[in-house]
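K.L.:
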Amino acid sequence: MKVLKFGGTSMGSAIAIKKVKHIVESCHTPVVAVVSAVGGVTDKLVKASELAKANLDYSKLITEIETLHGQIINDLFDGKGQAKLSASMSDIWKELHQVLKGVSLTNELSTRSYDTIVGCGERWSSLILSHLLESGDLYDSRLFIKTELNGQGHQVKLNETMQAIGELKFSLKERTVFPGFIASNDAGDNTTLGRGGSDYSAALLAAGLDADALEIWTDVDGFMSADPRVIKRAYCIEHLSYAEAMELSHFGAKVIYPPTIIPALQKQIPIRVKNTFNTAAPGTLIDNQKDEQQSVKGLSSIRDVSLLTLQGNGMIGISGISMRMFTALAKQDINIVLISQASSESSISVVLASADVELARLALIKEFDKEISRQQINGVSVEKEMAVVAIVGEGMKHTSGVSGKLFNDVGRNGINIYAIAQGASELNISFVIHENDLRKTLNVVHEAFFLSQYQAIHLYQVGVGTVGKNLLKKIERQSERLMKTEHLSIRLAGLANSSQMIFNDRGLELESAIDVLKASSPATIDQFVEQIIANNHSNSVFVDCTASGLVAEKYQRLLENNISVVTANKIAGSSAYERYDKLKTTARKKGVKYLFETNVGAGLPIINTINSMVKSGDRILQLEAVLSGTLNYIVNNVSADKPLSEVVIEAKKKGYSEPDPRIDLGGTDVLRKLLILARESDYALEEQHVEITPFVPKDFFTDESVSDFIEHLKGYDAQFEQIRSEAEKNGKVIRYAASLKEGRAKVGFIEVDASHPFYNLADSNNKVILRSDYYYDHPMEIKGYGAGADVTAAGVFADIIKVVNL
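Sequential numbering from 1277 applies to the sequence shown in our numbering.
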């Protein structure tokens, strides 16, 4: 049996709830689903209760909640299902309105009324999911999870709760649903388990039912090595011990409500944190296994705290000071985040939520009034706007120098530490800093413990033609700047041409690498790829600067072995759609990059722009483009005095055209680019779906040599000039363009007048016009230099940097 808990974002919309349904129904074992309220609903209910207590209008908030649930129900169910579910929910709505009205009339918000109001969200969401699952039975958690008052909150009565849940063990069906968060006391009054309590509900159910596993489904991939909003290179932690997870949760990692871990720990039930919206991600596994190979597992932080310090020489050697201090704070129900005491016993510092610090200060002044008046205690000092940073890991106990490295790196970056706490277990080192330094601190510590001083890219390049040579020059020129500004070290670990290869783990000398390659022993592309895989370096990137189909065939194996691929080679992206899709899917699954911006437009950000539009929810409706800098150069330079064949020779010499100009003149190059753009725009086009007219008649495409082809092409000069001059007489110019509209793709000549965006497209420039849902009446245009080895190399270099910076 599994217990699956789904948070507010997982229940936040009809689309999300359908994902939840799929996850539940995909399990091949009995499932207990525990659900939070629809995202944002609990906050609205809390606000409504506060407004009602103040005798202010809360009806707008309740209407918003009703509308949200109504929309979800309408999107999930047909008319009959909607009516049935609405009827089931009506009693909860009536109860909510009655309680809020009572609060408004009396201007009193009792704990009982508050818990009834804020617990409605889970009751609604559990009804929705149980109806959607059809065969899923709905149980009321209030009948099983029992609490008693403890201070200002509710504490679970574990024995009674475990017994009540245990009695269900053999009667549950394959799929059952429980609302999270809600409970009841012995009198049958509604109670709650605190914000985040749905996690705790799930853990209690898992423990009581002796479940095989507890899964917490949320909107993140799992516990992260640091806050990803601050640390761009933070990664998901694959495994944590129960103790590590509790420490990270306590110190700000809001992935799991901290008490959740205790019932699972007691019953040794493994917990896995998963992402509802990225089910392929493995998530974080939490169990009793200790991984001491990695000294530090995670980095966590808490903002908006204050440091309160009790200090005075009169405290030294006096017993009972600590007890009195903590008792005074406990009487005010103040939670202490961190404790730090000087070895001389002359001061005790505690970290508290900033909202509690004034109450705490007054409580301590009252408690130590006599000592303060006698100047035995200096008073109570408060430092506001502070933050706590904690590094956590079971392996720190057996690793010397962790504290030294931590505080050396923090201090070296000018960050002041106000207090330090480290337990004897050495599981956690926590320290207090000013909140203004938090972002800087997290970056410094993450860099120190999770990344080396310089993040190294191990580059393996195949192809040393004009693009390949230019790329090596750019890496050589930019390497020092990248190390200084990006802390990024690019090592050319391998280089190959069509028949030779060389390797050096520490990095080849860029200036002499090509000469060394020429003197090396014969080798094949297969040998080159297998050696890359065998090297197994971190951040390995394979760069293809060829136009070889044989090289493109190796991408799949490289990606499957967690090696990123950056390519200027269009063949893979424009081959069979199934192959293209498999490459993209493999890269996503393996967490590596498959980047090919230079496949279209050389250094122009065309593919990246389309990717950003699609990811933002936009939809590409139409595309019109001049995609061949070579062919645009040709049509712009052919004239009555300069025939087609002469301009083709000129384009080849300048490096604008492919080594064999027939690839350009046959339209193959434009066809490939159009296929790539269409696919990146979510159109699954194959080559046969594109209507293509070649630049020159098919008769000219034979098996003759390149030089013979150009000689043969002279016979077409006069005919091409007639086409060009005829357009010119009509005030138009010819362009060789690609288009995609309503899924139909074309490549061929068009004639445009001065009103068309392509009319003044000079030299070898490319231009793409995109019409989408967001950019239809005012289409997006991307224009720029679209051919040449230098700009292509620049685009490849940019993709290499993206491998680590995306």
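Glycine included, each C-beta is placed from N, C-alpha and C at the ideal position.
Quick check: the Cα distance between Val1819 and Gly1770, rounded to an integer number of angstroms?
P.N.:
The residue you call residue 1819 lines up with position 543 of the sequence shown. The residue you call residue 1770 lines up with position 494 of the sequence shown. If you take the alpha carbons of Val1819 and Gly1770, they lie about 10 Å apart.
K.L.:
On a CA-only basis, which of Ala1629, Lys2043, Tyr1856 and Trp1493 is nearest Ala1292? Give me that one, please.
P.N.:
Along the sequence shown, one-based indexing puts residue 1292 at 16. When each option's Cα is compared against that of Ala1292, the closest is Trp1493.
K.L.:
Exposed or buried, which one is Val1310 when buried takes at least 16 other CB atoms within 10 Å?
P.N.:
For the purposes of this step, residue 1310 is identified with residue 34 of the sequence shown, where counting begins at 1. Buried.
K.L.:
Can you check DSSP and say which residues form a bridge with Gln1776?
P.N.:
Along the sequence shown, one-based indexing puts residue 1776 at 500. For Gln1776, which the question treats as bridged, DSSP gives the partners Pro1798.
K.L.:
Measure the alpha-carbon distance for Ala1772 versus Lys1974 and round it to whole angstroms.
P.N.:
Looking up residue 1772 in the sequence shown gives position 496. Looking up residue 1974 in the sequence shown gives position 698. The straight-line gap from Cα to Cα measures roughly 35 Å.
K.L.:
Cα separation between Asn1838 and Leu1332?
P.N.:
Residue numbering aside, residue 1838 sits at position 562 when the sequence shown is read from its first letter. Residue numbering aside, residue 1332 sits at position 56 when the sequence shown is read from its first letter. Asn1838 and Leu1332: Cα-Cα distance of roughly 59 Å.
K.L.:
For Ser2031, which option in Val2009, Arg1855, Glu1514 and Asn1383 has the closest C-alpha, if you only look at C-alpha atoms?
P.N.:
Here the question's residue 2031 lines up with position 755 in the sequence shown. Per the C-alpha coordinates, the member of Val2009, Arg1855, Glu1514 and Asn1383 positioned closest to Ser2031 is Val2009.
K.L.:
For Val1432 and Leu1480, I'd like the C-alpha separation in whole angstroms.
P.N.:
Here residue 1432 is taken as the residue at index 156 of the sequence shown, counted from 1. Here residue 1480 is taken as the residue at index 204 of the sequence shown, counted from 1. Their backbone Cα atoms lie some 9 Å apart in a straight line.
K.L.:
Which residues in the same chain as Leu2016 place their Cβ atom closer than 6 Å to its Cβ, once the five residues preceding and following it in sequence are excluded?
P.N.:
As a working mapping, residue 2016 is identified with position 740 in the sequence shown. Answer for Leu2016: Leu1899 and Ala1954, listed in chain order.
K.L.:
Bridge partners for Cys1512 per DSSP, in chain order?
P.N.:
In the sequence shown, counting from the first residue as 1, residue 1512 sits at position 236. For Cys1512, which the question treats as bridged, DSSP gives the partners Met1500.
K.L.:
State buried or exposed for Leu1834, treating a residue as buried only when at least 16 other CB atoms are found within 10 Å of its CB.
P.N.:
Taking the sequence shown and counting its residues from 1, one reaches residue 1834 at position 558. When all chains shown are included, Leu1834 counts as buried.
K.L.:
Who are the Cβ neighbours of His1430 in its own chain at under 6 Å, not counting the five residues just before and after it?
P.N.:
Working through the sequence shown from its first residue, we reach residue 1430 at position 154. So the qualifying residues of the chain are Thr1423 and Thr1467.
K.L.:
Between Ser1289 and the rest of its own chain, which residues show a CB-CB distance below 7 Å, the 5 nearest in sequence each way excluded?
P.N.:
Counting from 1 along the sequence shown, the entry for residue 1289 is found at position 13. Annotation for Ser1289: Ile1348 place their beta carbon closer than 7 Å to its own, counting only its chain and skipping 5 residues before and after.
K.L.:
Which residues does DSSP list as the beta-bridge partners of Asn1426?
P.N.:
Numbered from its first residue, the sequence shown carries residue 1426 at position 150. DSSP output for Asn1426 lists Gly1429 as bridge partner(s).
K.L.:
How many angstroms separate the CA atom of Lys1760 from the CA atom of Ser1576?
P.N.:
The sequence position of residue 1760 within the sequence shown is 484, counting from 1. The sequence position of residue 1576 within the sequence shown is 300, counting from 1. For Lys1760 and Ser1576, the distance between alpha carbons rounds to 27 Å.
K.L.:
Where Ala1916 and Asp2066 are concerned, what is the direct C-alpha to C-alpha distance, given to the nearest angstrom?
P.N.:
Position 640 of the sequence shown holds residue 1916. Position 790 of the sequence shown holds residue 2066. If I take the Cα positions, the gap works out to 31 Å.
K.L.:
Hey, Tyr1736 and Ile1808: beta-carbon distance below 7 Å or not?
P.N.:
Taking the sequence shown and counting its residues from 1, one reaches residue 1736 at position 460. Taking the sequence shown and counting its residues from 1, one reaches residue 1808 at position 532. A contact, by the Cβ cut-off of 7 Å.
K.L.:
Using the three-state DSSP reduction, which class does His1734 fall into: helix, strand or coil?
P.N.:
Position 458 of the sequence shown, counted from the start, is the residue given in the question as residue 1734. Strand, per DSSP.
K.L.:
Can you check the segment 1292–1366 for any alpha helix (DSSP H) of at least 4 residues that lies completely inside it and give the ranges in chain order?
P.N.:
1317–1329 and 1335–1352
K.L.:
Kindly identify the DSSP beta-bridge partner or partners of Phe1707.
P.N.:
As a working mapping, residue 1707 is identified with position 431 in the sequence shown. Val1665 and Ile1696.
K.L.:
Starting from Met1601, follow the beta strand (DSSP E) in both directions and report where the run begins and ends.
P.N.:
The residue labelled residue 1601 in the question sits at position 325 within the sequence shown. Note, Met1601: premise wrong, no beta strand (DSSP E); alpha helix (DSSP H) at Ile1597 to Lys1607.
K.L.:
Secondary structure at Lys1974, three-state DSSP: helix, strand or coil?
P.N.:
Mapped onto the sequence shown, residue 1974 falls at position 698. Residue state, collapsed to three classes: helix.
K.L.:
Between Leu1718 and the ligand HEM, is there a pair consisting of the residue's CB and a ligand heavy atom that are separated by less than 6 Å?
P.N.:
Inclusion of the ligand HEM in the displayed structure is not the case, the ligand content being empty and no account of it being possible.
K.L.:
Span of the beta strand (DSSP E) holding Lys2017?
P.N.:
Working through the sequence shown from its first residue, we reach residue 2017 at position 741. In the DSSP assignment, Lys2017 falls within the unbroken beta strand (DSSP E) covering Val2009 to Lys2017.
K.L.:
How is the alpha helix (DSSP H) around Leu1989 delimited, first residue to last?
P.N.:
Sequence index remark: in the sequence shown, residue 1989 carries index 713 (1-based). Per DSSP, Leu1989 belongs to the alpha helix (DSSP H) from Val1982 to Leu1989.
K.L.:
Using the Cβ count rule (16 or more neighbours within 10 Å means buried), how would you classify Asp2053?
P.N.:
Sequence index remark: in the sequence shown, residue 2053 carries index 777 (1-based). Asp2053 counts as exposed, since fewer than 16 other C-beta atoms from the protein chains shown sit within 10 angstroms of its C-beta.
K.L.:
Could you say if the segment 1624–1642 and the segment 1578–1586 meet the contact criterion of at least three C-beta pairs nearer than 8 Å?
P.N.:
yes
K.L.:
Could you compute how far the alpha carbon of Asn1884 sits from the alpha carbon of Val2072?
P.N.:
If you number the sequence shown from 1, residue 1884 lands on position 608. If you number the sequence shown from 1, residue 2072 lands on position 796. Answer to the nearest angstrom: the Cα atoms are 13 Å apart.
K.L.:
Alpha carbon to alpha carbon, how far is Met1889 from Ala1960? Give it in angstroms, no decimals.
P.N.:
Indexing the sequence shown from 1 puts residue 1960 at position 684. Indexing the sequence shown from 1 puts residue 1889 at position 613. Straight-line Cα distance between these residues: approximately 17 Å.
K.L.:
Would Ala1972 pass as a contact of Leu1947 if the rule is Cβ separation under 7 Å?
P.N.:
For the purposes of this step, residue 1972 is identified with residue 696 of the sequence shown, where counting begins at 1. For the purposes of this step, residue 1947 is identified with residue 671 of the sequence shown, where counting begins at 1. First, the residue type needs correcting, since residue 1972 is Val and not Ala in the sequence shown. Contact flag unset, no.
K.L.:
Are the CB atoms of Ala1313 and Ser1401 nearer to each other than 7 Å?
P.N.:
As a position in the sequence shown, residue 1313 is number 37, starting the count at 1. As a position in the sequence shown, residue 1401 is number 125, starting the count at 1. Taking 7 Å as the Cβ cut-off, Ala1313 and Ser1401 qualify as a contacting pair.
K.L.:
Start and end of the alpha helix (DSSP H) containing Met1672?
P.N.:
Here residue 1672 corresponds to residue number 396 of the sequence shown, with the count starting at 1. Note, Met1672: premise wrong, no alpha helix (DSSP H); not H, not E.
K.L.:
If you check the beta carbons only, do Glu1398 and Gly1456 fall under 7 Å apart?
P.N.:
Translated into the one-based positions of the sequence shown, residue 1398 becomes position 122. Translated into the one-based positions of the sequence shown, residue 1456 becomes position 180. Yes, the pair counts as a contact, with Cβ atoms nearer than the cut-off.
K.L.:
Residue range of the alpha helix (DSSP H) that Phe2073 falls in?
P.N.:
Residue numbering aside, residue 2073 sits at position 797 when the sequence shown is read from its first letter. Per DSSP, Phe2073 belongs to the alpha helix (DSSP H) from Ala2065 to Asn2081.
K.L.:
Go ahead and pull the three-state DSSP assignment for Gly1655.
P.N.:
Numbered from its first residue, the sequence shown carries residue 1655 at position 379. Reduced to three states, the DSSP call for Gly1655 is strand.
K.L.:
Taking Ala1529 and Leu1718 to be in contact with their CB atoms under 8 Å, please state how far apart those CB atoms are, rounded to whole angstroms.
P.N.:
As a working mapping, residue 1529 is identified with position 253 in the sequence shown. As a working mapping, residue 1718 is identified with position 442 in the sequence shown. About 12 Å separates the beta carbon of Ala1529 from that of Leu1718, a gap too long to meet the 8 Å contact definition.
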